[in-house]
Structures are given as structure tokens and as C-alpha cells.
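> Note that our numbering numbers the sequence shown so that position 17 is 23, with each residue one more than the last. Even for Gly, the Cβ is constructed at its ideal location relative to N, Cα and C.
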Amino acid sequence: MLNKSNLMATNRSIIIKTEGLTKKFGEFTAVDNVSFEVQRGEVVGYLGPNGSGKTTTIRMLCGLLHPSSGHAQVNGLDIVHNTEAIKRQIGYMSQKFALYDDLTVLENLQFYAGVYEIPRATEKQQIDKILEMAGLTTRQKSISSELSGGWRQRLALGCALVHNPILLFLDEPTSGVDPVARREFWDLIYNLAHEGTTIFVTTHYMDEAEHCGRVGFMSNGRLLAFDTPRALKSHYLHGAAWAIAATPLLETVDILSHIPGVAQASMHGDLAQVILADEKTTLQTLTETLKANGIAVGKAELVEATLEDVFVLLAHKQG
Ligand SMILES: Nc1ncnc2c1ncn2[C@@H]1O[C@H](COP(=O)(O)OP(=O)(O)O)[C@@H](O)[C@H]1O
Ligand SMILES: [Mg+2]
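(1) Please name the residue or residues paired with Lys23 in a DSSP beta bridge.
(2) Determine whether the beta carbon atoms of Ser58 and Ser263 lie at a separation below 8 Å.
(3) Is any heavy atom in ligand 2 found nearer than 7 Å to the beta carbon of Lys60?
(4) Beta-carbon within less than 6 Å of Ile21's beta-carbon, same chain only, minus the 5 sequence neighbours each way: which residues are those?
(5) Skipping 5 residues on each side, what residues in its chain have a beta carbon closer than 8 Å to that of Gly155?
(6) What are the partner residues of Met273, as DSSP defines its beta bridges?
(7) Alpha carbon to alpha carbon, how far is Phe117 from Leu230?
(8) Quick one: Cα of Thr110 to Cα of Thr143, how far?
(9) Going by Cα to Cα distance, which pick from Val316, Thr180 and Glu257 is closest to Asp233?
(10) Quick one: grab the DSSP three-state call for Leu153.
(11) Give me whichever residues DSSP pairs with Asp233 in a beta bridge.
(12) With a threshold of 7 Å (Cβ to nearest heavy atom), would Asn39 be considered close to ligand 1?
(13) State the DSSP-derived secondary structure class of Leu105, mapped to helix, strand or coil.
(14) Tell me whether Lys305 sits in a helix, a strand or coil according to DSSP, three-state version.
(15) Between which two residues does the alpha helix (DSSP H) harbouring Ala91 extend?
(16) Measuring straight from C-alpha to C-alpha, what distance separates Gln131 and Ile124?
(17) Does the region 254-270 come into contact with the region 289-305, if we say contact requires no fewer than three beta-carbon pairs (one atom in each stretch) closer than 8 Å?
(18) Could you compute how far the alpha carbon of Gln95 sits from the alpha carbon of Thr288?
(19) Is there contact between the region 85-95 and the region 191-204, where contact requires at least three CB pairs shorter than 8 Å?
(20) How is Met7 classed by DSSP in three states: helix, strand or coil?
(21) So, using beta-carbon positions, are Cys331 and Asn114 closer together than 8 Å?
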């Protein structure tokens with residue numbers, strides 16, 4: 007039975023809800039009729055090539071841009087009418103995050119604590135907690151401009167967290183950071199999620215997306231799919247792509263990519279890897295076409311699909 011109290015509980019667990027969210031810049035539609043829900047505590051990856059509308063979506067959800075049409079709520083608050091209340095509850099690490107280069111690590115955090123009006127009585131304790139979380143305690147007196155990319159990223163994260171937001175938007179937080187720092191940054195994100203912060207993160211690193219609870223794929227302003235990595239792979243690719251041994255390899259890839267129903271053919275080491283866009287095109291179609299073109303075809307096997315494969319397929323279907 008759905009009584010009033012558990013109806014409210016259900017509503018409370020939805021932290022982001024968008025319905026037909028759309029943003030136009032003049033004639034150009036940057037975000038096109040996007041609808042999704044995020045539950046409290048999720049780590050959601052928002053993927054898509056440059057210009058696909060990821061940042062514009064986030065800016066609307068943060069109350070920085072008004073939608074042209076459609077609606078969205080953040081923690082039950084309307085993004086147009088409750089902007090100020092939303093800002094107090096969310097953290098936003100933008101793609102071009104602003105640190106004050108000539109201030110120290112500590113001074114940057116103190117500045118943001120001021121912006122968010124953290125009470126004086128709790129400020130020191132809160133900043134110490136952030137320094138420790140970000141591993142910046144021993145660097146608190148360092149001038150920000152002298153930090154490496156990875157440490158700057160951590161400081162920017164700390165600044166976005168200084169007011170204990172329940173929802174954190176991270177816009178390409180790890181672009182330009184070395185692989186080790188990238189992994190360490192993700193450890194921080196998981197810790198935050200573990201403690202209950204909802205994370206909405208854009209990335210174009212597919213390995214990062216594999217670690218998100220659910221993933222949304224944006225392309226040309228449209229949200230093409232939104233599900234768990236496992237469900238996306240099994241739904242769109244039945245979990246697998248074909249790897250085919252054939253020589254000459256370059257010609258093989260070229261022929262394969264021209265076969266109708268092939269979303270993508272590419273070289274993976276000394277094999278050709280094929281993502282099929284429809285069920286009518288079978289392995290037999292592929293090998294017969296190759297042989298008819300004088301290619302020596304060897305073994306073919308199913309390999310585990312990646313999210314990148316799914317994205318290629320979805321983009322192919324859309325285009
Ligand atoms: N303020 C703006 N005015 C005009 N066009 C914009 C503006 N902001 C973004 N766009 C355009 O909207 C599209 C989506 O941009 P964006 O949301 O930044 O994409 P992403 O973050 O996925 O790279 C791009 O083509 C971009 O040039
Ligand atoms: Mg962007």
C-alpha cells in the first residue's frame with residue numbers, strides 16, 4: 007500500500023529529476039528534451055563528446071542558466087524558482103574551476119567558507135576535515151599556483167565541498183590530470199559517495215565511466231541512454247563485440263567498416279574489432295564479405311564489450 011508517508015519517502019530519495027529539459031542558444035539546441043532521475047547516493051557518469059551538452063545540463067541544474075523549456079528539480083526544489091536554496095545544498099566543481107592562485111591552500115578554503123557563510127565557530131573544524139579528506143593537511147600553507155595539477159584538482163574539490171553539499175556536480179574533474187592522480191581522485195569520489203554524497207560527474211574517460219553506478223550518454227544535446235554499465239552493454243551489444251583475425255588487417259578494417267549494419271570496425275592489436283548495429287548482420291555476413299574481397303580470415307571470437315563500444319553504437323544509430 008502506498009500511503010502518504012512512504013510516498014514522501016519515495017520522493018525524498020530522488021535528488022535530481024528532469025523532464026524535457028531543453029536549452030536553446032538562439033536557434034541552436036544545446037540540450038534537447040532531456041529527462042532522467044537520480045536517486046540519492048548514486049554515482050552517475052554523464053558522458054558525451056565535446057559540445058554534446060553536458061556542461062549546459064549541469065549549469066541548468068545548478069541554477070546558473072534557465073532552461074528554454076522543460077523542468078527540473080534538485081532535492082525537490084525547482085531549478086528556476088529556488089535557485090538560492092539549491093546553491094546551498096549542492097557543490098559544483100566546474101570545468102574551469104576558479105582557485106585564487108596567489109592564495110595558499112588554506113586561504114582558498116577560507117575564502118569559499120566565507121562565500122558559503124560557514125559560521126565562524128565551525129569554520130576551522132570544517133576546513134580541517136576538508137584538508138584531511140583531500141590529503142592537503144601538510145600542504146595547507148602552499149601557494150595554490152605552485153601545486154601540481156592533481157593537487158589543484160583536490161583543492162578545487164575541497165572548495166566545492168566546504169559547505170557539506172548533499173549533491174556534488176563534477177564537470178570533467180580529471181581532464182589533464184596524470185593517471186595516478188586520476189585514480190586517487192576517484193578514490194576520493196568513492197569515499198564521498200560512501201558517506202552518502204550523491205555524485206554527478208561528466209567525463210570522457212570511458213574507464214572512469216565503467217566505475218559509475220549509472221551512466222548517461224549525451225550526443226548532440228540528446229540523452230541517448232541512461233542505465234548501469236552492465237545493462238547498457240547487455241541491452242545494446244548483448245555484452246559483446248567481435249574480434250576477428252584477418253590479413254591484411256588494414257584492408258580488413260576498411261572492408262568491414264563499409265558493410266551495412268557495422269557501427270564501427272577498428273584495429274585492436276593484431277585483430278579487427280567489430281561492433282554490429284543490427285541483428286541481421288551476422289558474423290557469417292562479415293566473414294563471407296571479407297573472403298569475397300580476397301582477405302584471409304582466421305579465428306573470430308566474442309570479446310567483452312566496453313562502454314565505448316556502446317557509445318559508438320548509439321552515436322551511429324543516431325547519425
Ligand atoms: N552561452 C552559450 N552561447 C551559445 N552557445 C553555447 C553557450 N554555451 C554552450 N554553447 C554551445 O552549446 C553546445 C553544448 O555545449 P556544452 O554544454 O558546453 O557541451 P559539453 O560540456 O558537452 O562539451 C556547444 O555547441 C556549445 O558551443
Ligand atoms: Mg563541458
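In brief:
(1) Here the question's residue 23 lines up with position 17 in the sequence shown. The partner list for Lys23 (beta bridge, DSSP) reads Glu43 and Gln79.
(2) Taking the first residue of the sequence shown as 1, we reach residue 58 at position 52. Taking the first residue of the sequence shown as 1, we reach residue 263 at position 257. Their beta carbons are not under 8 Å apart, which means Ser58 does not touch Ser263 by this criterion.
(3) Sequence index remark: in the sequence shown, residue 60 carries index 54 (1-based). It does: the Cβ of Lys60 is within 7 Å (strictly closer) of some heavy atom of ligand 2.
(4) Locating residue 21 in the sequence shown gives position 15, counting from the first residue. Excluding residues within five positions, the ones whose Cβ falls inside 6 Å are Val44, Arg46, Asn81, Leu173 and Thr204.
(5) Your numbering for residue 155 matches position 149 in the sequence shown. So the list reads Gly182, Val183, Asp184 and Ala187, once near-sequence residues are dropped.
(6) For the purposes of this step, residue 273 is identified with residue 267 of the sequence shown, where counting begins at 1. Paired residue(s): Ala278.
(7) Along the sequence shown, one-based indexing puts residue 117 at 111. Along the sequence shown, one-based indexing puts residue 230 at 224. Cα to Cα, the separation comes out at about 40 Å.
(8) For this step, residue 110 is matched to residue 104 along the sequence shown. For this step, residue 143 is matched to residue 137 along the sequence shown. Those two C-alpha atoms are separated by around 12 Å.
(9) In the sequence shown, counting from the first residue as 1, residue 233 sits at position 227. With distances taken between Cα atoms, Asp233 lies closest to Val316.
(10) For the purposes of this step, residue 153 is taken as residue 147 along the sequence shown, with counting starting at 1. Leu153 falls in the coil class under three-state DSSP.
(11) What you label residue 233 is simply residue 227 of the sequence shown in a count that begins at 1. Bridge partners of Asp233: Val221.
(12) Position 33 of the sequence shown, counted from the start, is the residue given in the question as residue 39. False, no ligand heavy atom lies under 7 Å from that Cβ.
(13) The residue given as residue 105 occupies position 99 in the sequence shown. Note: Leu105 maps to coil in three-state DSSP.
(14) Here residue 305 is taken as the residue at index 299 of the sequence shown, counted from 1. Three-state result, Lys305: strand.
(15) In the sequence shown, the residue the question calls residue 91 occupies position 85. Bounds of the alpha helix (DSSP H) holding Ala91 are Thr89 to Gln95.
(16) Residue mapping note: residue 131 aligns to position 125 of the sequence shown, counting from 1. Residue mapping note: residue 124 aligns to position 118 of the sequence shown, counting from 1. Cα to Cα, Gln131 sits roughly 11 Å from Ile124.
(17) Here the region 254-270 lies against the region 289-305, with 3 or more beta-carbon pairs under 8 Å apart.
(18) Numbered from its first residue, the sequence shown carries residue 95 at position 89. Numbered from its first residue, the sequence shown carries residue 288 at position 282. Their Cα atoms are separated by approximately 51 Å.
(19) With the cut-off at 8 Å, the region 85-95 and the region 191-204 do not touch.
(20) Indexing the sequence shown from 1 puts residue 7 at position 1. No answer about Met7 holds up, because its pLDDT of 42 lies below 50 and its placement is not dependable.
(21) Beyond the ends of the chain as shown, which are 7 and 325, falls residue 331; an answer cannot be given.
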